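What follows is a short report on a single structure.
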Amino acid sequence: MRRCATCAVDVEGDWRTCPLCGETMEGEPTPDPYPTIALEYSRKVVFRLLFAASAVVILGSLGVQLLFGAGEHGIGVWRTVWLSVVAMWMVVGTAVRKRRNLAKTVVYLVILVGLLCAYWDYLAGWDGWALSYAVPATCGGAILALLLTVRIVRIEVGEHIVHTGLAVLLGLAPLVFLGLGWVREPLPSVACGVLSLLALALLVFTRGAEVRHELGKRLHL
Amino acid sequence: MTRRAWVRLDNASNIFLAAWTDADPKVFRITAEVDDDIDPALLQQALDATFDRYPLYHAVLRRGIFWYYLQDSDLRPTVTPDLRHTCAPLHHPDRKELLFRVVHHHRRISLEVFHALSDGTGALWFLTDLLTAYLALRHPEGRTAAPGQTEDTAAEAPAGTRSPADPPGQAGDQDSSGAPGSPVSPGPSVAPDPALDADPAVDPDPLEGAHPLGLTPDSFVHYFHRTPPPERLGRRVGDISAHGADEPVSRRPGLVALRRVHRVTGTRTPDDRPRLIELSMPAPQVLALAKPHGVPVTLFLTALFFEAVRESSGGLGKSQTIAASVPVNLRQFFPSLSPRNFFATVRVAHTYGRGDDDLGGICRDLAAQFLPETTPEALEAKLRRFLRFERSPLLRIVPRPLKDLLLRLINRANNRGLTVAVSNLGRVVLPEPAEARVRRMLFHVSAVRPQFCSMTHDGVMTISFTSPFQEADHVRAFTRMLTEQGVDVTVAAARVTEQEIEDSPAGVGA
Chain A
427 MRRCATCAVD
437 VEGDWRTCPL
447 CGETMEGEPT
457 PDPYPTIALE
467 YSRKVVFRLL
477 FAASAVVILG
487 SLGVQLLFGA
497 GEHGIGVWRT
507 VWLSVVAMWM
517 VVGTAVRKRR
527 NLAKTVVYLV
537 ILVGLLCAYW
547 DYLAGWDGWA
557 LSYAVPATCG
567 GAILALLLTV
577 RIVRIEVGEH
587 IVHTGLAVLL
597 GLAPLVFLGL
607 GWVREPLPSV
617 ACGVLSLLAL
627 ALLVFTRGAE
637 VRHELGKRLH
647 L
Chain B
-17 MTRRAWVRLD
-7 NASNIFLAAW
3 TDADPKVFRI
13 TAEVDDDIDP
23 ALLQQALDAT
33 FDRYPLYHAV
43 LRRGIFWYYL
53 QDSDLRPTVT
63 PDLRHTCAPL
73 HHPDRKELLF
83 RVVHHHRRIS
93 LEVFHALSDG
103 TGALWFLTDL
113 LTAYLALRHP
123 EGRTAAPGQT
133 EDTAAEAPAG
143 TRSPADPPGQ
153 AGDQDSSGAP
163 GSPVSPGPSV
173 APDPALDADP
183 AVDPDPLEGA
193 HPLGLTPDSF
203 VHYFHRTPPP
213 ERLGRRVGDI
223 SAHGADEPVS
233 RRPGLVALRR
243 VHRVTGTRTP
253 DDRPRLIELS
263 MPAPQVLALA
273 KPHGVPVTLF
283 LTALFFEAVR
293 ESSGGLGKSQ
303 TIAASVPVNL
313 RQFFPSLSPR
323 NFFATVRVAH
333 TYGRGDDDLG
343 GICRDLAAQF
353 LPETTPEALE
363 AKLRRFLRFE
373 RSPLLRIVPR
383 PLKDLLLRLI
393 NRANNRGLTV
403 AVSNLGRVVL
413 PEPAEARVRR
423 MLFHVSAVRP
433 QFCSMTHDGV
443 MTISFTSPFQ
453 EADHVRAFTR
463 MLTEQGVDVT
473 VAAARVTEQE
483 IEDSPAGVGA
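Chains A and B, in that order, give the protein sequences.
Be aware that the first sequence starts at 427, since it is given in the working numbering, and climbs by one per residue.
Be aware that the second sequence starts at -17, since it is given in the working numbering, and climbs by one per residue.
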């Protein structure tokens, strides 16, 4: 074993200099009790910075839109291109960030896309297309996608049931908008509402016990 | 239909999730060095058998709206070579993964555990069962001949039992043998801890089977929530054997040190791996040094640590107070074989320039603070107070992210009142055949501040220093204080800086 005369200690492993004082040591090396591990630089920090920067750019882009007027006299087609890019960026970013939980990702996306469409509609002069078409289409699509995906990917019931439930409840929102008279064309909202009610009935009658068990766990006080 | 067992996270564990960072992922490692190189295939077999008996170790961590909870999973652990730096993160939010790992390198088997799952004592039980199973496979010829092996050894426990039927004897603070009956050294007897011994006269596990879902229950709630105090062991001070330094159970949340304490600073390690330096030495030599001071060996080592920090800092500067967090294993007072966290911490401090500043004076100062805090009555009062706070209706309805924020703030305030942390698992006696085949045992923990963890086995005391900083001046000062007094110290260290890694003659991975 090597020995540091300055510290008066024996040193295990193959250190040429004393790990305590840095002085050169004498003696024969022994097997190192710890392997030499290369430095690992985590990409987590880079991702975190990228996501934070993306959030700033997206929120900034959305905020700046308020400075331009609505309709043809505003920035017209440029707004459409700009917001499309922002929306795409936001969707991809959210999907990447929440990639480990499919059901949660879908719920996040429904909320974000719904809000973005409503805001876009507002910027463009409140034509009503967001609440009439975009939101029901997003919610209905999400419910169908979730019900199919959890079967195809075979996600355990407990893993997705809460978020599937949330997606189904969000699907009832278009019916509320319809009741409040915010919707220009009722058919998509009615279709989405009916789909949600059917999905809700399916959940309650076939998975009621799991839903209660899972909610009891997640809401445990 | 799968309805998985789940259990709410215990009291002490919540802080580990709130205080978890990249630099301090709240992971600790317990290592056993056996007498020949590890056979990975046999170790895997032993791990499979041990894992089946510990439902707690099957758990993954999930997030509820109000609390974290542990949930049973189908994941199986795999033994791996020691490929990552020590105490690498075990918990990643949104990922379902086991909260422990078993690694091996040359003659060492190491168990790394995320602290929210278990404490040092709980993990030691698992490692003991693993070692017993592995060594029985590795040396089948010695199985029948091994002395002391009984039918109820952990390796032969019937499938489905949760905890080791024959947990390792932890004889606690070794210096108890030094001054038995001395008023300043009322440490535990060297005899095995009755709380851990499988003595049929003592109810071995008042919590056994209490949870219908298989995951072991929370001993904090069992003992300190509303119910009248169950019968406990009436010993005064025992081993200091759990560890971790950030738990809020040490005092009223939010209460911070009134006096500004010295805090060690330095250059952070390049990739947040802990600076780890292990000292091994003959235990009798250290006990002989501690004996004249008449305090438990943990407090003697703590006093030495304070001196090392003072010396390496060049006199401490403006803040002349050094404070340490010392965890206390609650199982010795409140019998429990639950491997989940069950410990409290006590803060001790010494201010230089206000009286007796030699080593003996610091030892006496620390003992005067530590011993009254570690009576069963004092601990119970403290923990009941904390549980009342945690279980108050107002706090219960606070959503988990806000609770995390609150705990993080409390933790940060507590950190400001601490210079170092120390932890001693005491003297460990393993069941045969492990006892005969295991040489040194070591343990250390990822650290947000300089810390040492100590344990003793087979007459060798190991003191493992960890720190988030590259500098190791305090370890050098500590070591020299020991060697100057005639202690034979052997040093082992993990390579941390780029220079050290480049200098490794064996190269990366070896």
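In this text, a Cβ means the ideal position worked out from N, Cα and C, and glycines have one as well.
Treat the numbers as computed from the prediction; the structure is a model and nothing was measured.
Going along the chain, which unbroken runs of the beta strand (DSSP E) with 3 or more residues stay wholly within the stretch 376 to 429 of chain B? 402 to 411, 420 to 427
For B/F315 versus B/P358, is the C-beta spacing smaller than 8 Å? yes
Same chain, Cβ closer than 8 Å to A/L629, neighbours up to 5 away in sequence not counted: I587, T590, G591, V594, V637
Rounded C-alpha distance that separates B/N(-4) from B/R(-10): 10 Å
What residue range does the alpha helix (DSSP H) around B/S(-5) cover? -5 to 1
Reducing DSSP to helix, strand and coil, say where A/L596 ends up. helix
Note down, in chain order, every chain A residue with its Cβ under 8 Å from the Cβ of B/P487. D440, R442, P455
Short check: CB of A/G439 to CB of A/T456, under 8 Å? yes
Within 8 Å (strictly less), CB to CB, does A/R644 reach chain B? yes
Candidates B/K300, B/L312, B/D347, B/P37: closest to B/A306 by CA position: B/D347
Is there a Cβ of chain A sitting closer than 8 Å to that of B/A475, yes or no? yes
Measure the Cβ-Cβ separation of B/H97 and B/K8 and say whether it is below 8 Å. yes
Give the single residue among B/P413, B/F434, B/T465, B/Q452 whose Cα lies nearest to the Cα of B/Y116. B/P413
The alpha helix (DSSP H) enclosing B/I445, as first and last residue numbers: Counting along the chain, B/I445 falls outside any alpha helix (DSSP H), though it belongs to the beta strand (DSSP E) covering 442 to 449.
Can you find a C-beta in chain B that's less than 8 Å from the C-beta of A/R526? yes
Residues in the same chain with beta-carbon distance under 8 Å from B/D181, minus the five sequence neighbours each way, listed in chain order, please. The predicted position of B/D181 is uncertain, since its pLDDT is 30 and thus under 50; a value taken from the coordinates is nonetheless stated next. Result list for B/D181: empty, nothing under 8 Å.
Are the C-beta of B/I47 and some C-beta of chain A separated by less than 8 Å? yes
Under the three-state DSSP convention, the category B/P309 falls into: strand
Any chain A beta carbon closer than 8 Å to B/W2: no
Would you say B/H204 reaches chain A, if we count a Cβ-Cβ gap shorter than 8 Å as a contact? no
Any residues in the stretch 581 to 607 of chain A with a beta carbon nearer than 9 Å to a beta carbon of chain B? Which ones, in chain order? E582, V583, G584, E585
So that I know if they touch, is there some Cβ in chain B lying closer than 8 Å to that of A/Y467? yes
Shorter than 8 Å from the beta carbon of A/Y460 to some beta carbon of chain B? yes
Is the shortest distance between the beta-carbon of B/H498 and the beta-carbons of chain A less than 8 Å? Residue 498 of chain B falls outside the range modelled here, since chain B spans only -17 to 492, and no answer is possible.
Where does A/F603 sit, in a helix, a strand or coil, going by DSSP? helix
Between the Cα of A/L535 and the Cα atoms of A/V503, A/R633, A/V583, A/V518, which residue gives the shortest distance? A/V518
Since A/L465 is in the alpha helix (DSSP H), which residue starts that stretch and which ends it? Where A/L465 is concerned, there is no enclosing alpha helix (DSSP H), given that its DSSP letter is neither H nor E.
Do you know how far the Cα of B/F447 is from the Cα of B/P321? 25 Å
Limits of the beta strand (DSSP E) - the one that B/F10 falls within: 9 to 16
Beta-carbon within less than 8 Å of B/P188's beta-carbon, same chain only, minus the 5 sequence neighbours each way: which residues are those? In this prediction, B/P188 has a pLDDT of 34, which is less than 50 and means its spatial position is unreliable; nothing more can be read from the coordinates.
Can you tell me whether A/G619 is buried or exposed? The criterion is at least 16 other CB atoms within 10 Å of its CB, across all chains shown. buried
Counted within 10 angstroms of its Cβ, other Cβ atoms place B/H74 as buried (16 or more) or exposed: exposed
Let me know if B/D4 comes out buried or exposed under the rule of 16 or more other beta-carbons within 10 Å of its beta-carbon. exposed
Please state the DSSP three-state secondary structure of B/Y39. helix
So, does the CB of A/V435 fall closer than 8 Å to a CB anywhere in chain B? yes
For B/H74, which of helix, strand or coil comes out of DSSP? coil
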